[in-house]
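**Q** Reminder that position 130 of the sequence shown reads as 186 in the numbering used here, one-by-one numbering, no gaps.
Have a look at this one before I ask anything.
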Amino acid sequence: MQDFIKIHTNDSVAVALRPLSKGAVLSVSGDSVTLLEDIPQGHKFALKDIPKNDPVVKYGAPIGYAKADIAKGAWVHTHNLKTGLGDLLNYTYSPHIFEPAPTEDVCFQGYRRPDGKVGVRNEIWIIPTVGCVNNVATAIERKAQSLVGGTVEEIVAFPHPYGCSQMGDDQENTRRILADLINHPNAGGVLVLGLGCENSNIEVLKPYIGDYDEKRVRFLVSQETDDEVETALEILKDLASYVGSFHREPISCRELVIGMKCGGSDGLSGITANPTVGAFSDLLISKGGTTILTEVPEMFGAETLLMNRCENQALFEKTVALINDFKNYFTSHNQTIYENPSPGNKKGGISTLEDKSLGCTQKSGSAPVKGVLAYGEPVCTKGLNLLSAPGNDLVASTALAASGAHIVLFTTGRGTPFASPVPTVKISTNTALSEKKQNWIDFNCGTMVDGTSLADLAQMLFDYVIAVASGEKVKAEKAGFHDMAIFKRGVTL
Numbered sequence: 057m058q059d060f061i062k063i064h065t066n067d068s069v070a071v072a073l074r075p076l077s078k079g080a081v082l083s084v085s086g087d088s089v090t091l092l093e094d095i096p097q098g099h100k101f102a103l104k105d106i107p108k109n110d111p112v113v114k115y116g117a118p119i120g121y122a123k124a125d126i127a128k129g130a131w132v133h134t135h136n137l138k139t140g141l142g143d144l145l146n147y148t149y150s151p152h153i154f155e156p157a158p159t160e161d162v163c164f165q166g167y168r169r170p171d172g173k174v175g176v177r178n179e180i181w182i183i184p185t186v187g188c189v190n191n192v193a194t195a196i197e198r199k200a201q202s203l204v205g206g207t208v209e210e211i212v213a214f215p216h217p218y219g220c221s222q223m224g225d226d227q228e229n230t231r232r233i234l235a236d237l238i239n240h241p242n243a244g245g246v247l248v249l250g251l252g253c254e255n256s257n258i259e260v261l262k263p264y265i266g267d268y269d270e271k272r273v274r275f276l277v278s279q280e281t282d283d284e285v286e287t288a289l290e291i292l293k294d295l296a297s298y299v300g301s302f303h304r305e306p307i308s309c310r311e312l313v314i315g316m317k318c319g320g321s322d323g324l325s326g327i328t329a330n331p332t333v334g335a336f337s338d339l340l341i342s343k344g345g346t347t348i349l350t351e352v353p354e355m356f357g358a359e360t361l362l363m364n365r366c367e368n369q370a371l372f373e374k375t376v377a378l379i380n381d382f383k384n385y386f387t388s389h390n391q392t393i394y395e396n397p398s399p400g401n402k403k404g405g406i407s408t409l410e411d412k413s414l415g416c417t418q419k420s421g422s423a424p425v426k427g428v429l430a431y432g433e434p435v436c437t438k439g440l441n442l443l444s445a446p447g448n449d450l451v452a453s454t455a456l457a458a459s460g461a462h463i464v465l466f467t468t469g470r471g472t473p474f475a476s477p478v479p480t481v482k483i484s485t486n487t488a489l490s491e492k493k494q495n496w497i498d499f500n501c502g503t504m505v506d507g508t509s510l511a512d513l514a515q516m517l518f519d520y521v522i523a524v525a526s527g528e529k530v531k532a533e534k535a536g537f538h539d540m541a542i543f544k545r546g547v548t549l
């Protein structure tokens with residue numbers, strides 16, 4: 057088992073891959089380093105003396121500056137390292153673009169919809185227009201389970217607290233996300249459940265939905281029926297008959313859209329799981345598929361790496377706006393832009409936002425950026441896309457699904473049981489987490505520490521994603537978890 061890793065030849069720190077003891081003598085790139093204190097797994101130690109105010113380099117880039125003199129062999133963390141990030145910055149487009157070489161197509165077993173879209177699940181979704189009917193939606197879900205069977209895989213309600221008493225962007229966000237979910241091809245049928253007097257009522261929502269198949273999307277206004285539950289069950293019987301007519305068939309992986317997100321990160325996230333997802337992304341894109349990277353605040357400090365991979369100047373400008381708009385969102389609420397990483401991140405070995413972001417963006421691989429999406433905007437360009445959404449796990453994963461992701465890949469060093477509207481694959485950064493939380497974790501990248509190559513792990517992850525797209529349930533699905541959350545930015549009346 058490897059004890060530590062120096063990620064880039066220019067790095068001034070290395071990362072412990074297992075707990076290392078004070079006094080241990082390590083050979084790093086031919087140089088001897090004696091540890092001056094215990095180094096927890098995932099944490100950093102200095103490879104040379106680093107004077108106060110000098111940059112600390114990891115991933116080949118500064119992750120902050122020394123608060124005080126740091127001796128060779130010392131633990132490097134929040135006590136002696138500070139962020140070097142400021143507020144709004146000026147950026148220059150310096151393109152560095154690498155197109156993955158095309159590779160052989162692979163098929164999965166999916167559902168082809170009449171409008172040409174593709175789903176990896178054949179579910180019936182109950183979408184409330186407003187939080188007032190949340191309990192009704194979940195009651196309908198419970199009573200409708202007898203309709204599950206054949207190729208009708210799930211009947212799921214997606215309660216949320218919004219749809220009324222909202223203003224400006226908040227109301228628009230709710231309408232866009234609900235419309236996106238109603239149009240999502242993983243749902244073979246949808247019941248849109250309204251109250252009747254809400255701001256985002258069904259008639260207001262319909263223009264956001266656009267053209268729809270009346271056999272697939274049905275509407276129910278609770279205030280206009282004597283018994284909304286019984287009426288809904290009758291509608292669901294018809295929907296189940298329609299949804300049950302779909303069957304899996306071979307579909308090219310060119311049709312797959314995969315979202316990429318991390319949460320509960322640790323010091324191994326940018327070394328094992330995130331690079332594996334990045335290599336997976338390059339592999340899927342080489343076959344003509346699509347990936348979406350989000351959580352914009354966790355691009356801060358690594359944004360220029362993404363900007364310079366933009367395919368053209370116009371995409372570069374959209375990425376600059378993506379970053380600066382989120383910074384302005386922070387400052388408009390009188391919040392510190394760089395109030396990150398979280399306590400769990402720090403415990404796992406992440407010290408600054410640059411440290412977190414440089415690890416986070418490993419999920420993007422090396423392919424060029426082909427699209428930049430606003431929050432709630434459906435993906436329309438194959439290849440790597442960037443999506444505007446916050447770092448919050450539930451909000452960002454819902455945003456990925458709303459933009460068209462069939463599956464979300466979620467890397468974590470701490471673990472989490474949450475789900476999203478689409479299959480959410482939990483990928484552990486370390487083997488200990490995978491072994492402890494077998495009911496949460498679907499795929500373990502901790503084996504990289506034991507010698508599994510990045511290329512092998514990426515191929516294994518690709519094969520697993522194809523299996524999930526073909527119907528294999530992830531752990532959260534087996535547990536019956538289905539979550540959604542909408543980005544709230546403003547005033548509630």
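Ideal Cβ placement from N, Cα and C applies to all residues, glycine included.
Beta carbon of residue 171: closer than 7 Å to some heavy atom of the ligand MN?
**A** The ligand MN is absent from the structure shown, which contains no ligands of any kind.
**Q** Return the chain-ordered ranges of every alpha helix (DSSP H) run that is complete within the region 322-356 and spans a minimum of 4 residues.
**A** 329-342, all fully within the region 322-356.
**Q** Let me confirm a value: residue 256 is counted as buried when at least 16 other C-beta atoms fall within 10 Å, else exposed. Which label applies?
**A** When all chains shown are included, residue 256 counts as buried.
**Q** Taking 8 Å as the threshold, find out whether the region 444-452 comes into contact with the region 343-351 through three or more Cβ pairs.
**A** yes
**Q** How many angstroms separate the CA atom of residue 473 from the CA atom of residue 532?
**A** Per the coordinates, the alpha-carbon of residue 473 lies some 7 Å from the alpha-carbon of residue 532.
**Q** Just reading off the beta strand (DSSP E) that residue 468 is part of, what are its end residues?
**A** 463-468
**Q** Tell me whether residue 290 sits in a helix, a strand or coil according to DSSP, three-state version.
**A** helix
**Q** For residue 441, collect the residues of the same chain with a Cβ closer than 6 Å to its Cβ; drop the 5 residues on either side in sequence, then sort them by chain order.
**A** 348, 427, 429 and 435
**Q** If distances are taken between C-alpha atoms only, which option among 480, 102, 294 and 258 comes closest to residue 278?
**A** The shortest C-alpha to C-alpha distance from residue 278 to any of 480, 102, 294 and 258 is the one to 258.
**Q** Using a Cβ distance threshold of 8 Å, determine whether the region 538-545 contacts the region 474-481, with at least three qualifying pairs required.
**A** yes
**Q** Mind reading off the beta-carbon distance from residue 95 to residue 73? Whole number of angstroms is fine, and I expect it under 8 Å.
**A** In this structure, residue 95 and residue 73 do not form a Cβ contact; the two beta carbons are roughly 10 Å apart against a cut-off of 8 Å.
**Q** Can you give, in chain order, each stretch of the beta strand (DSSP E) that sits fully within the region 215-303 and has at least 3 residues?
**A** 243-250 and 273-277
**Q** Have a look at residue 137 and residue 182 and give me their C-alpha separation to the nearest angstrom.
**A** 48 Å
**Q** Check whether the Cβ atoms of residue 180 and residue 296 sit closer than 8 Å, and answer yes or no.
**A** yes
**Q** With residue 363 as the anchor, note down where its alpha helix (DSSP H) starts and where it stops.
**A** 359-363
**Q** By a C-beta neighbour count over all protein chains shown, 10 Å radius and 16 as the cutoff for buried, is residue 233 buried or exposed?
**A** buried
**Q** Measure from the alpha carbon of residue 550 to the alpha carbon of each residue in 534, 548 and 525, then state which is nearest.
**A** As shown, the chain starts at 57 and ends at 549. That puts residue 550 outside it, with no answer to give.
**Q** Report the rounded CA-to-CA distance for residue 101 versus residue 148, giving the unit in angstroms.
**A** 33 Å
**Q** Would you identify the three-state DSSP class for residue 415, choosing helix, strand or coil?
**A** helix
**Q** Rounded C-beta distance between residue 432 and residue 458? I'm assuming under 8 Å.
**A** At roughly 6 Å, the Cβ-Cβ gap stays under 8 Å, so residue 432 and residue 458 are in contact.
**Q** My output table needs one value for residue 142: the three-state DSSP class, helix, strand or coil.
**A** coil
**Q** In this structure, how does DSSP classify residue 377 when only helix, strand and coil are distinguished?
**A** For residue 377, the secondary structure class from DSSP, reduced to helix, strand or coil, is helix.
**Q** If you count every other CB in all the chains shown that lies within 10 Å of the CB of residue 220, and 16 or more means buried, which is it?
**A** buried
**Q** Does the separation of the CB atoms of residue 238 and residue 265 fall below 8 Å?
**A** Yes. Within cutoff.
**Q** Could you name the residues that DSSP lists as bridge partners for residue 88?
**A** Looking at the DSSP output, residue 88 sits in a beta bridge with 83.
**Q** Please state if the CB of residue 364 and the CB of residue 151 are separated by a distance shorter than 8 Å.
**A** yes
**Q** In whole angstroms, what is the alpha-carbon distance linking residue 453 and residue 464?
**A** 7 Å
**Q** Need the endpoints of the beta strand (DSSP E) that residue 447 sits in, please.
**A** It is not in any beta strand (DSSP E) - residue 447 carries neither H nor E in the DSSP assignment.
**Q** So what's residue 534 in DSSP terms, helix, strand or just coil?
**A** In the three-state reduction of the DSSP assignment, residue 534 falls in the helix class.
**Q** Expressed to the nearest angstrom, what Euclidean distance is found between the alpha-carbon atoms of residue 321 and residue 252?
**A** Computed Cα separation, rounded: 42 Å.
**Q** Taking the alpha carbon of residue 460 as the reference point, which residue from 327, 313, 139 and 534 has its own alpha carbon closest?
**A** 313
**Q** Which stretch, first to last residue, makes up the alpha helix (DSSP H) that contains residue 516?
**A** 510-525
**Q** Do residue 89 and residue 62 come within 8 Å of each other at the CB atom, strictly closer than that value?
**A** no
**Q** Looking at residue 486: is its Cβ nearer than 8 Å to the Cβ of residue 324?
**A** yes
**Q** Am I right that residue 414 and residue 502 are in contact with their C-beta atoms under 8 Å? What's the rounded C-beta distance?
**A** Contact flag wrong, Cβ pair sits at about 20 Å.
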